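All remarks here apply to the structure that follows.
Chains as they are written, first to last, in this note's numbering: chain G, 1 to 560; chain D, 1001 to 1695.
Structure (structure tokens):
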């Protein structure tokens, strides 16, 4: 039992801790059911959480790993930016700007609500969600052409949105008028407001029931517990200093050094290129989140994730570098930078940790943006979606096919039936990717192929995929996976290929074919179980001639 | 159905270990009702043998049974144990991988070794047909069946026994699926085949494909089982139509269920919740939180105004570690958690106490069973705290092995750093807290205040925890039904014939859409009435309830609101929209000034099948003191230790009342009455507890 829990009944503390988790989950569920944008309610590009009065993460809702460990940073910045006497019961603050606590990019709006008990600030409830359009130079606000954050939309620098329970109309009107989709903005905003209020109410009930001191002790003890769990796992990991440098699709080279000691896990990113002139940047907070994701997967993938869990993690960055970009750098594509960093740390450690990490996965958000007039309703539609892809093989078996990247988690793809209705284009197919690659003793999982058939002239397509030139990496003698790529097949049958493009005009009859990568193979293909090879052939997951070439002679019966 | 033919009503329930029977006999002369229960071993794989055996054992002559209802886990077992048949899937060109791509989610998201659930049909048995519908149901290009003979030939060669068909947009227009189904039956008479629209008319191709596949996978097994059961009872002289318990809290005819047996998937919990709804009606409590505490899990559901809530987003094997498999059939809205009497208590490396979800099961069971179980369970904690009588354990059949229970608790205490009693209290508090969270999920999280509800608790462990849970939630009243341990079977006996129809129909709801709305609802109602009429149930026996699923435009999740009877006009549409705003605001705390979208129709078509009216119990006028067996020290945890009066539940009669601290012991369950609680037995033998300190 930790020091913070002394004098308190451990069972009561545990009940409060579990109630904090329940409150985060309840906020999450409420927001999911009420949001307007598919990117929130379907993709679940959102997160909820509770921090203590100082902005230390006490608990977080389900959703996506990349949003765990974002809200605490936002709350801490809001506390810095606002005089303490200006923070009052019933207030709600908004931030979306990485220079003002927003962590990610301007589309991700954080709403945070201070929770008071007996006049004292005891906690915060908060959520983050991807709003469809916050203004800026292109529909959807994300442009690979942006050079400064000013081009990416309305900046909300940790300001008050609701004052002692009363919505501040002037702020809301500024927000609405800056969006191309004000109805969505309003709907998503109210979903977020309802969620933080529900969470705050639950916390107030807890304080009323158990008393403020017990509540505060429970929060503190919960974080100490998270720290103990991490430290114990850290002690069991192989120790050492590990380095990796890796060329990116853009040609720049990223470098990482990780040092694992008994009481600290240090990620050094100081030797990295200067910040990008475009939007391929991460803030220091965003880089920290990427490191936290790897750290959590290595130490305690099943347990609670709170501020304490991450205490043993140290991050070193160089201000002005791509992982610690300074104003006015643009951030729209921060997520590819973050997932690259996540994959870089993972890859750096994989060879040395004795099978604790699988081979590389398609490891891109594959953020896909398609918009234009809906041919049936005439209204403007926008698809804003990440894609599923293949995961790497591991010491335990083949990689999964068609699941979201390590950045996303409890995220759902969009059914073709829903997409065709809502977006006014046809999904002509959605299949596993038949591209070669990723073979191994344990092969990588398959990516997917989706054909979007455009039904109306004057639509646009934007994407920014990585792992296009440099493929999902293999481990222990396996073969590399296959690339993430977008192909545009024009009505006249001409073809174009893209990994990064903004605002490409597509017209009726054009097909946008998204192909996501197969994961990397694990282990020498020669060691693959003949029955597994035969099953792959029977299931048409590999062509016979390729199977023969990669795995050697086919087992008897695999030719049928 | 006349009352005399219904004099003998029998429910049988096939569980994992035992097949249970409840026989409710009404004396035609006095109207007095008597409940007889019987048990026999479950007999896999020929489950019907156990059913026939338990009927024989109960002493009722099969020929004398007026109403026979049956619940079975045969479907859910075949699914979870992967004992279905080799299934082939036929789907739209370009979509054979839909079943494997699924939704791409990784619920266990920090776990890099997460295993995506494997599809029930491997890729080489997933085949495609050209032909395409638009979302409106209009044909984009015609269905081409020319490849079908070769596909089926291949299926046969590969040992396929059942064929599932799911084509894109069949929820909007089933014609392509019907054509494919018909052709499959022509080409391969006798094969078990199902098309997705026969089960669900809702969109989302992965969910619908999964539904069709899982249904096909169990269909031959369930069909054979139900067929043999029917033959068996008919051979023994039962002339009527057996009814089968469904997941939507209704029963349906055996013949109808045989066609789409997947609807039985959650019939077990459904019967208990329906029992709670019926009990509520009987005793004038229309708003009920129903809680069923068994050996390994606790399940709960909310009943508002006598209505159970039926949903179609049901999944098997889904939890925080796995994405599971969706089945879009009407299932009662329930939350289930891994907390029951057999849940194991453990202390982690950091001194935190956890209860469940691991369970000691029936063998070895709790340490106190004396069967070699070494882990402390909730039951062991309740024994050590004096709540369960060690000399009246498991229905009085055996003595509890107290030294074993104490040893197990001492081990927990040593790890926690406290006394044996501290450990036992901790276990009960954590178990209660887990159940409170589950109760909140079905109430508070959906905008309902538990204080407006009565807690009806049943199952072997319901009475043990109910009063403490109610107190924690501020609920004033608890009801423990008579024969709470066989309450699910009682619920089955009270069920109506019921079918739920869900159909996706999208439109912005404006007053000028009243005619379309009318058409959509009517279409579903006519379909329901036709279906029943074909089975000999006339329109005047049928009762129809209609609901609309609405949302703000661009949202995804919908809110269900009742629709008025009769033809809709502009004013009715206005009223529906307003009803939506109100319901939405109650659930989510705000409303929007935004267009409202109609998403779908939900029609409930039910017919009574000779439901009985429970009779009041006779009263002898004895004193409550006569039911008092003695007194013992009981640890009420938060309320401290007190000398509690012990009552023999079987000796209590209507009208008797007493105060806590007390314990009521019956052969199947123990009811804990805390200090300050007041108990009264009602006319039907149910115990009403007024929870102290909540007024």
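Glycine residues also receive a C-beta, built at the ideal position from the N, C-alpha and C atoms. Since the model is a prediction, treat every value here as computed from it, not as a measurement.
When the cut-off is 8 angstroms and only beta carbons count, does residue i lie next to chain G?
{"i": "residue 1046 (chain D)", "result": "no"}
{"i": "residue 1426 (chain D)", "result": "yes"}
{"i": "residue 1581 (chain D)", "result": "no"}
{"i": "residue 1116 (chain D)", "result": "yes"}
{"i": "residue 1122 (chain D)", "result": "yes"}
{"i": "residue 1364 (chain D)", "result": "no"}
{"i": "residue 1506 (chain D)", "result": "yes"}
{"i": "residue 1382 (chain D)", "result": "no"}
Here's the rule I'm using: 16 or more other beta-carbon atoms within 10 Å means buried, otherwise exposed. How should residue i be labelled?
{"i": "residue 452 (chain G)", "result": "buried"}
{"i": "residue 150 (chain G)", "result": "exposed"}
{"i": "residue 91 (chain G)", "result": "buried"}
{"i": "residue 560 (chain G)", "result": "Low confidence applies to residue 560 (chain G): its pLDDT is 40, below 50, so where it sits in the model is not reliable, and the reading given next is rough at best. The residue in question, residue 560 (chain G), is exposed, as its Cβ has fewer than 16 Cβ neighbours within 10 Å."}
{"i": "residue 1234 (chain D)", "result": "exposed"}
{"i": "residue 1141 (chain D)", "result": "exposed"}
{"i": "residue 1436 (chain D)", "result": "buried"}
{"i": "residue 1638 (chain D)", "result": "exposed"}
{"i": "residue 239 (chain G)", "result": "exposed"}
{"i": "residue 529 (chain G)", "result": "exposed"}
{"i": "residue 1305 (chain D)", "result": "exposed"}
{"i": "residue 17 (chain G)", "result": "buried"}
With a threshold of 8 angstroms between beta-carbons, can residue i be considered close to chain D, or not?
{"i": "residue 263 (chain G)", "result": "no"}
{"i": "residue 6 (chain G)", "result": "no"}
{"i": "residue 420 (chain G)", "result": "yes"}
{"i": "residue 11 (chain G)", "result": "yes"}
{"i": "residue 302 (chain G)", "result": "yes"}
Do residue i and residue j have their C-beta atoms closer together than 8 angstroms?
{"i": "residue 550 (chain G)", "j": "residue 439 (chain G)", "result": "yes"}
{"i": "residue 1311 (chain D)", "j": "residue 1071 (chain D)", "result": "no"}
{"i": "residue 1143 (chain D)", "j": "residue 1129 (chain D)", "result": "yes"}
{"i": "residue 307 (chain G)", "j": "residue 57 (chain G)", "result": "yes"}
{"i": "residue 1434 (chain D)", "j": "residue 1337 (chain D)", "result": "yes"}
{"i": "residue 1499 (chain D)", "j": "residue 1635 (chain D)", "result": "no"}
{"i": "residue 1341 (chain D)", "j": "residue 1295 (chain D)", "result": "yes"}
{"i": "residue 272 (chain G)", "j": "residue 331 (chain G)", "result": "no"}
{"i": "residue 1033 (chain D)", "j": "residue 1615 (chain D)", "result": "yes"}
{"i": "residue 1721 (chain D)", "j": "residue 1236 (chain D)", "result": "Lying outside 1001 to 1695, the shown extent of chain D, residue 1721 (chain D) is not represented and no answer is given."}
{"i": "residue 1439 (chain D)", "j": "residue 1563 (chain D)", "result": "no"}
Please confirm whether residue i has its beta-carbon closer than 8 angstroms to some beta-carbon of chain B.
{"i": "residue 1430 (chain D)", "result": "The chain labelled as chain B is not found among the protein chains of the depicted structure, namely G and D."}
Would you call the segment 1061-1076 of chain D in contact with the segment 384-391 of chain G, where contact means no fewer than 3 C-beta pairs closer than 8 angstroms?
no
Residues in the segment 1588-1616 of chain D having any Cβ partner in chain G nearer than 8 angstroms:
1588, 1589, 1590, 1592, 1594
In chain order, what residues of the segment 61-89 of chain G put their CB closer than 9 angstroms to some CB of chain D?
62, 63, 64, 65, 68
Flag this pair as touching only if the segment 1011-1027 of chain D and the segment 469-488 of chain G have three or more C-beta atom pairs under 8 angstroms; answer yes or no.
no
Residues of the segment 1342-1360 of chain D in Cβ contact with chain G at a cutoff of 7 angstroms, in chain order, please.
1349, 1350, 1351, 1352, 1353
Closer than 9 angstroms between beta carbons: that is the criterion. Which residues of the segment 1203-1219 of chain D meet it against chain G?
1203, 1204, 1205, 1206, 1207, 1208
Check whether the segment 1627-1644 of chain D touches the segment 1583-1601 of chain D, taking contact to mean three or more Cβ pairs, one atom from each stretch, closer than 8 angstroms.
no
Between the segment 27-37 of chain G and the segment 1535-1555 of chain D, are three or more C-beta pairs nearer than 8 angstroms?
yes
Going along the segment 1090-1120 of chain D in order, which residues come within less than 8 angstroms of chain G, judged by CB to CB distance?
1093, 1094, 1095, 1096, 1097, 1098, 1100, 1101, 1102, 1103, 1104, 1105, 1106, 1107, 1108, 1109, 1110, 1111, 1112, 1113, 1114, 1115, 1116
Examine the Cβ distances between the segment 360-369 of chain G and the segment 305-323 of chain G and report whether three or more of them are shorter than 8 angstroms.
no
Relative to chain G, which residues along the segment 1314-1342 of chain D have a C-beta separation below 7 angstroms, given in chain order?
none
Can you give me, in chain order, the residues of the segment 1531-1559 of chain D that have a beta carbon less than 7 angstroms from any beta carbon in chain G?
1552, 1554, 1555, 1556, 1557
Would the segment 1457-1474 of chain D count as touching the segment 1246-1258 of chain D if we require 3 or more Cβ pairs under 8 angstroms?
no
Could you please tell me which residues of the segment 1152-1180 of chain D, in chain order, have their CB closer than 7 angstroms to any CB of chain G?
1168, 1169
When you check each C-beta in the segment 1134-1145 of chain D against every C-beta of chain G, which residues fall closer than 9 angstroms?
1134, 1135, 1136, 1140
At least 3 beta-carbon pairs within less than 8 angstroms: the segment 1345-1358 of chain D vs the segment 1472-1484 of chain D
no
Within 8 angstroms, do at least three Cβ pairs link the segment 1323-1339 of chain D to the segment 1414-1423 of chain D?
no
Please identify, using Cβ separations under 9 angstroms, the residues of the segment 335-348 of chain G that lie next to chain D, in order along the chain.
346
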